[in-house]
Structures are given as structure tokens and as C-alpha cells.
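J.: Have a look at this one.
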Amino acid sequence: MRAVSVWYCCPWGLLLLHCLCSFSVGSPSPSISPEKKVGSQGLRFRLAGFPRKPYEGRVEIQRAGEWGTICDDDFTLQAAHVLCRELGFTEAIGWTHSAKYGPGTGRIWLDNLSCRGTEGSVTECASRGWGNSDCTHDEDAGVICKDQRLPGFSDSNVIEVEHQLQVEEVRLRPAVEWGRRPLPVTEGLVEVRLPEGWSQVCDKGWSVHNSHVVCGMLGFPGEKRVNMAFYRMLAQKKQHSFGLHSVACVGTEAHLSLCSLEFYRANDTTRCSGGNPAVVSCVLGPLYATFTGQKKQQHSKPQGEVRVRLKGGAHQGEGRVEVLKAGTWGTVCDRKWDLQAASVVCRELGFGTAREALSGARMGQGMGAIHLSEVRCSGQEPSLWRCPSKNITAEDCSHSQDAGVRCNLPYTGVETKIRLSGGRSRYEGRVEVQIGVPGHLRWGLICGDDWGTLEAMVACRQLGLGYANHGLQETWYWDSGNVTEVVMSGVRCTGSELSLNQCAHHSGHITCKKTGTRFTAGVICSETASDLLLHPALVQETAYIEDRPLHMLYCAAEENCLASSARSANWPYGHRRLLRFSSQIHNLGRADFRPKAGRHSWVWHECHGHYHSMDIFTHYDILTPNGTKVAEGHKASFCLEDTECQEDVSKRYECANFGEQGITVGCWDLYRHDIDCQWIDITDVKPGNYILQVVINPNFEVAESDFTNNAMKCNCKYDGHRIWVHNCHIGDAFSEEANRRFERYPGQTSNQIV
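FYI, in mature numbering (1 follows the signal peptide of the UniProt record, and there is no 0) the residues of the sequence shown are -26 to -1, 1 to 728.
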């Protein structure tokens, strides 16, 4: 049993009514975020300007009813820290000058702003005084905040109300107290937390719509009928404390506070006369039904392929919304995106209502088509596709406006069965798991054998700490305290499990090649991660065959870029047949992609004149239709750098001069078709129909938010002289049926691609 807290009391007293992007002062502007906070001095703050992400922009302050800006004279990162906290973010990671996000209008409220960085409000910083400035709007300052909210701060598209929130927390209390009742609790008495404690709700006038709202808050997609005869009999034997009555929900509300309801007064002597405590029974979503071992569910989803999914989220039930249209997955534009539409998505996926409707690609940018825009849901639709929407054109929206959601989830208690110890922060340490039965529980360690990124991803998700930066097989540098027993070994995860107990592992006995606490598993977790995708259209456009003389391939042979048969060739005479193509790898995640190895272990390659930071970064393969590999010579090691970036992103990494290597968020690394080793050696491949496959980060050496989009496949026909490459796509870009058609493709009988 767990109380679900969705609404937060703000320390500044007055709560704003954020009407889901309907805020405006004067004429509406799509480049302005809603106000973030009402300060103790009656100030309001917002981010504005374009182009920008939701956590950056020109800082604007409303004072005495008038919006204005801040001059960049003497502006520092310390001032940015204070302003980011005013805006509800944990800290600043940068600031901008000279009106990078465009010049503002109106007053310039502050000039020569000087902060230490520890102030609780910008009013505590020194300045020339309010409205006293010699600047123009070409000097407007901006901030770049860390994309992490302060605890208790509600995002701009979370519905809030003007008065003190009436119901902060709701829970279900089982009729039969605890015992060994499994989590999550799906049925029980509805209780709300009031200042005097937990109270029941009178069921007089209680409707199925009320139950629907309560279940949604608690992370369940639907409700089912309750055996009320049992609960009426039980109610006669117990005393109850009623605090709420006359609840009347429409069924589309995101929280019980938004329903019509009444509280009992303190002097009410007769409460819920002739009534009983309200009881609700909720239906588990498919993911949690599997988790609890339940096989049958009354609230079953319609048969057919899933047409909506979430991508890029650090936690279960959150991510970028993607929908399936004409056999291809695409994103949703955030125009008019609100909690009603987000809740439809969450329930369709088997979760509860939405906690947040995210805009501005907060869960990373997608790639490919944008299928929907201006989605308008009432909240009662069974699918997002039942909501009215606008047909989108290329000019309407960009992937910087991809919509996302955070859903309410049922409480499973899995985070209480795992902990970290010895680390420098709560995001790292040696993994300890709890085993045993109630009354005989104990903590133990996990054997580090074969522990990798996928296992660490599950551990970090179970801990509620997001993604895994590293999965460590040795943790001798972290003190294990008094826990020394290894209680789990042979852990093998797919990466999608809710807890380590769902992963395959040795159940009857512990088998560990390296004994001792120094060889136990550890993790370093992070709230953000990279996400690499290959640009499939470029591969298709640039593929061709070259017969390259052997005397030009000594460097390639040194780097193992040729098939093994090249060793027995008559060097320097003859040639090798190479399938060349360009490879453009984008980082669309929320963290830079950095090589696993440190600079001290990078390898210098004399032929190419730079260091290679990753031996296994991408696999290039030619496969038969049944998956057999028929070509082996390809690029063997890589140098990672930012070749080009989006307009508002700066390059950070380059290979030259022993520079730092990686791929920045919003940038891409381009390996042109004409550079050495950017090929597959097909000298020994016979004519026929094949699959060209490129897999990024194939060994999961570096953590990403999504590994399912790391593979790209193309159909290709090779007639012994020419090659035709077509139908290139990211591995998870097609529907299941479209993928089956791709795999069953009979091949080309001519060079006519249809």
C-alpha cells in the first residue's frame, strides 16, 4: 500500500493556474514558455526566445504587471544558478549574452546583476536597481538550465488550481490488512490524506467515473466491479473516519482534486449516514500483470498490433510518444498537446493517467516522419488515433517539438529490494539485493561475472535512478561495509525487465569464477543518456562498388579492414571488390555519447594520423535472407567526432590533435564513402539477394536510452558487377507486419526496384 502524491504544495503560497500553454500577455507567442513561479517578492519568471529547448532561453521577469529582461553586463554563471532555481530547475549549466535567443521587448529590469550563486531569490543579488539600466535589448541575457526539476516543482503543463489543493494524496487500503498480500494493491478502501490524517470517502453517489479517476491516479488503466456485499459486511464490524463526500467526477480528470467534492466540517456529528466507505478495484496493465504472475485480465486490450509506444524515457511509463501509421513509426507534434491527450496514451499503454504532458522534445528528438499534430482528446478515447488531429506537412513541425508523456505507475515496491553502497553519490555503488522471506530477510551482493550494461540498466531502473552509465564487474574501490555474502550470480538481462529478479540468474546455487567482494557487480547511474541512430537514406543514396588495387590497401590491411582471403592475395597486384557507402550517425538522446575507454588506452593509427577510441563501434555486414554472414572485411576501429551539428548546437569533439572524442547531442559523426575502411569487402561474395546490415554500439559498451534503434537494414541485389541497395530503414522503424514482409522478401529478379 502506497500513497501516490501527484500534487505539490508550493512554498511560495499562491499557485498559478497553468492552462496548458494558454497563458499569454498581450498577443500569444509560441516561443514563450508559461510562467514558472511566483516569487516571494511578487515576481514571475519565464524563459522566452527562439530557437531553444524547454530548459533554456532569454530570462524574462514580470514585476508590477510588466514583463522585462535582464542585461548581460557583469552576468555570470552564479546569477544563472539563482535564476534557474527561480524557474524550477536544479542548477544552471551555462548562460548566454548578446540576445542569443532574440531581443526581448519592454523594460530591462536588471543590469550589472551580481550573485554569489547561493541566494534564495534574485532579489537578494546586487544590481543597479529595478528598471535602472543603460542597455538595449541586443544585450539581453539568457540561461541554460540543467534539465532536472527541483523536488516539488510542477512543470508548466501539469494542471494546477488557484486555491489550496484539497486532496494531495490518495491510496487504496486493503480490506484484509497486509499479511502477504502482493504488490501492487489493486483493490481496497479509498483513503485521502487530510491535515488530520488519512480518512475514508463516503460512497453515497459514488460512480464508476470516480473509480476510473482514482485508478488512473494510482497507475492503473481501468477499473472493474467490486463485491460490495463483502465490504458492507466488513463495514459493520469496523469504525471509520470519513473526511470526504459527494464526489462527482466526469471520468476524464487527471486527479481527484479536479472533481466536484465536499469535505465534512469539523463539527459534523453524523458522517455518511446510511453509507459506507468507497471501495475501488483496479485492473493491472499487461506489463504489471506479467510482473505479478497474473494471466487473465478483464480489461484486455483490443486484439491487433500496438499503434503507440514510448521511446527515450529514463523511467518506466515515460518517453517520447511515437505512433504507427501506414506501417511506419513516427512522432507527434507538441502543438496543443495536453494532459487529456497524454492520459489517453498512458491508458492505451496499460498505465494510469498522465502526470505530465511534455513538449519541446523533452524526451529526445525522434527521426523520420511526424505523423500527428494538434491532437485534441476529451480523455475518454480508447486510443490516440480516435482523437481529432491535423494532417501535418513538413513545414508544420520539427522534431524539436516532439511530444512526450510521464504516466502514473502502480507501486510495486521493487526499489525496496535493491540498494547501492560505497559510492560517492546515490547514483553509484556496489549493488546489493534483498533475498529471503518476511522475518528472514538479508542483503547480499551480486557476482560480477558477465555483468554488463544491460544488467546495469535494469538495476538503475529498479532503483529509480534512470539509465546506467556503466556496469562494473569489479568494485574493490567501494567499501562493502558488513555485507560480504554473494547471493546472486549468472545474471543475464534483456534490458526491459522491471527488476533483477525478472532476469535469468542462477536460482539453486551460486557460481562465481572470481570470488570475493572485490569482484561483485556495481553500477553508475544517470538521469540522461545518449541515443544513436544511423541515417538510412544516406546509406541507400551513396552505396556503390569499387574495385580497389591492392597497392592502395596496405593501410586498410594493417587495420584488418579486408576479408581474410586478402592475406593470400598476390600483393601488390590485383584488387579487392568493396561495397562503399556513407555512414551518418546522429545522437538524438539527452547526453553526449562518449567512448568507454579513457584517453590513456586510445590506440594511435599511423596510417590515418589520429587516435581510435573504440575498436567495436559499428558492425557492417552482408547477410543472406536467413541471417548467415557472407562478408567479413569492414571498418574495424573508429574515431568519434562532431562532423556537423544542428543550427543551435556547437561542436565539442574532434579527432585531430589528440582531441576529446564523442558525439554531442544534436550532432552527427559522418564517415564518408570515400574514406579508408568505410566499406564491406565483398570480393568473395557470390551474386544473389542479400541484406545489408549496420549495427551501432553492437556490444552495448556505452549506455544508450534505446538500443532497439541501433540496427539499420537494407535489401540489396548483387549481380556480380553492380549492386542495388533499397528499402533501407532503422530496425524498429517498421511495424511488425512490415518487418515480416522485409524478412520474407524474395529478392530482385532485375534491377527494377518497385
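Ideal Cβ positions, reconstructed from N, Cα and C, are used throughout, including at glycine.
Less than 6 Å between C-beta atoms, sequence neighbours within five positions excluded: which residues of the same chain meet that for I498?
T.: Contacts found: E402, N443, H444.
J.: Classify K285 as buried or exposed, calling it buried when 16 or more other Cβ atoms lie within 10 Å of its own Cβ.
T.: So K285 counts as buried.
J.: Need the endpoints of the beta strand (DSSP E) that T43 sits in, please.
T.: T43 -> beta strand (DSSP E) spans 40 to 44.
J.: Please report the Cβ distance between W417 and E406, rounded to the nearest whole angstrom; I am assuming they are in contact, meaning their Cβ atoms lie under 8 Å.
T.: That belief holds up - the Cβ atoms of W417 and E406 are roughly 5 Å apart, short of 8 Å.
J.: What would DSSP say about T97, mapped onto helix, strand or coil?
T.: In the structure shown, T97 sits in a helix (DSSP, three-state: H, G or I).
J.: Which residues bound the beta strand (DSSP E) around N673?
T.: Per DSSP, N673 belongs to no beta strand (DSSP E) and is neither H nor E.
J.: Could you tell me the distance, in whole angstroms, from the CA atom of W450 to the CA atom of T485?
T.: C-alpha separation (whole angstroms): 19 Å.
J.: Exposed or buried, F632, counting other C-beta atoms within 10 Å across all chains shown (16 or more means buried)?
T.: F632 is exposed by the Cβ-count criterion.
J.: Less than 8 Å between C-beta atoms, sequence neighbours within five positions excluded: which residues of the same chain meet that for A543?
T.: L524, R550, listed in sequence order.
J.: Return the CA-CA distance between F(-4) and L235, expressed in angstroms with no decimal places.
T.: Reliability fails at F(-4), whose pLDDT of 32 lies under 50, so the model's placement of it is uncertain and no value is given.
J.: Using the rule of at least 16 other Cβ atoms within 10 Å of the residue's Cβ for burial, across every protein chain shown, is D114 buried or exposed?
T.: The residue is buried, with at least 16 neighbouring Cβ atoms inside 10 Å.
J.: Over the uninterrupted beta strand (DSSP E) stretch that includes A331, give me the two end residues.
T.: Where A331 is concerned, the enclosing beta strand (DSSP E) stretches over 328 to 332.
J.: Are there three or more Cβ pairs, one per stretch, closer than 8 Å when the segment 489 to 506 is compared with the segment 454 to 470?
T.: Yes, the segment 489 to 506 touches the segment 454 to 470.
J.: Entirely within the segment 530 to 597 and at least 3 residues each: give me those beta strand (DSSP E) ranges in chain order.
T.: Runs of the beta strand (DSSP E) inside the segment 530 to 597: 549 to 554, 557 to 561, 577 to 579, 584 to 586, 592 to 597.
J.: Quick check: the segment 253 to 262 against the segment 648 to 659, are there 3 or more CB pairs under 8 Å?
T.: Verdict: no, contact absent.
J.: What does the alpha-carbon distance come out to for the pair S7 and C641?
T.: Below a pLDDT of 50, predicted positions are generally treated as unreliable, and S7, at 46, falls in that range; the measurement from the model is reported next regardless. If I take the Cα positions, the gap works out to 25 Å.
J.: Over the uninterrupted alpha helix (DSSP H) stretch that includes R199, give me the two end residues.
T.: That residue, R199, is in no alpha helix (DSSP H); it is neither H nor E in DSSP.
J.: Restricting to Cα atoms, I'd like to know which of C688, L507, R696, S231 is closest to D595.
T.: Taking only the C-alpha atoms, the option nearest D595 is C688.
J.: Count the other CB atoms within 10 Å of the CB of N253; is the residue buried (16 or more) or exposed (fewer)?
T.: Per the sequence shown, residue 253 should be read as Val rather than Asn. Buried, because 16 or more other Cβ atoms sit within 10 Å of the Cβ of V253.
J.: Just how far apart, CA to CA, sit S481 and P569?
T.: Near 35 Å, if we compare the C-alpha coordinates of P569 and S481.
J.: If you reduce the DSSP assignment to three classes, tell me which class R321 lands in.
T.: Helix.
J.: Hey, D505 and L562: beta-carbon distance below 8 Å or not?
T.: Taking 8 Å as the Cβ cut-off, D505 and L562 qualify as a contacting pair.
J.: Report yes if the C-beta distance between G249 and K178 is below 8 Å; otherwise report no.
T.: In this structure, K178 lies closer than 8 Å to G249 by Cβ.
J.: Does the Cβ-Cβ distance between S333 and D308 come in under 8 Å?
T.: Result yes, Cβ atoms of S333 and D308 sit closer than 8 Å.
J.: Can you list, in chain order, the residues of its chain with a C-beta nearer than 7 Å to that of M191? Leave out the 5 residues immediately preceding and following it.
T.: So the qualifying residues of the chain are V(-23), V(-21), V144, H229, L230, G326, T327, N382.
J.: Based on the DSSP output, what are the partners of N663 in its beta bridges?
T.: BP columns for N663 point to K691.
J.: Of the residues V388, G340, R281, which one's Cα is nearest the Cα of C320?
T.: Comparing Cα-Cα distances from C320 to each of V388, G340, R281, the minimum goes to R281.
J.: Tell me the DSSP secondary structure of V117 in three-state form.
T.: Correct three-state label for V117: strand.
J.: Are L512 and I670 closer than 8 Å when you measure CB to CB?
T.: Not in contact: L512 and I670 (Cβ atoms no closer than 8 Å).
J.: Pairing CB atoms from the segment 389 to 403 with CB atoms from the segment 340 to 351, are three or more of them under 8 Å?
T.: Contact fails: fewer than three Cβ-Cβ distances are below 8 Å.
J.: According to DSSP, is D48 part of a helix, a strand, or is it coil?
T.: It is coil, neither helix nor strand.
J.: So what's K391 in DSSP terms, helix, strand or just coil?
T.: In this structure, K391 counts as helix in the three-state DSSP scheme.
J.: Any idea if L415 is buried or exposed, counting beta-carbon neighbours within 10 angstroms, 16 or more meaning buried?
T.: Exposed, by the Cβ-count rule.
J.: In whole angstroms, what is the alpha-carbon distance linking I409 and A503?
T.: When rounded, the distance between both Cα atoms is 30 Å.
J.: Run the CB neighbour count on I665, radius 10 Å, all protein chains shown included, and call it buried at 16 or more, exposed below.
T.: Counting Cβ neighbours within 10 Å, I665 comes out buried, since at least 16 surround it.
J.: Report, in whole angstroms, the separation of the C-beta atoms of T64 and L17, which I expect to be a contact under 8 Å.
T.: The pair is not a contact, with the Cβ atoms about 20 Å apart (cut-off 8 Å).
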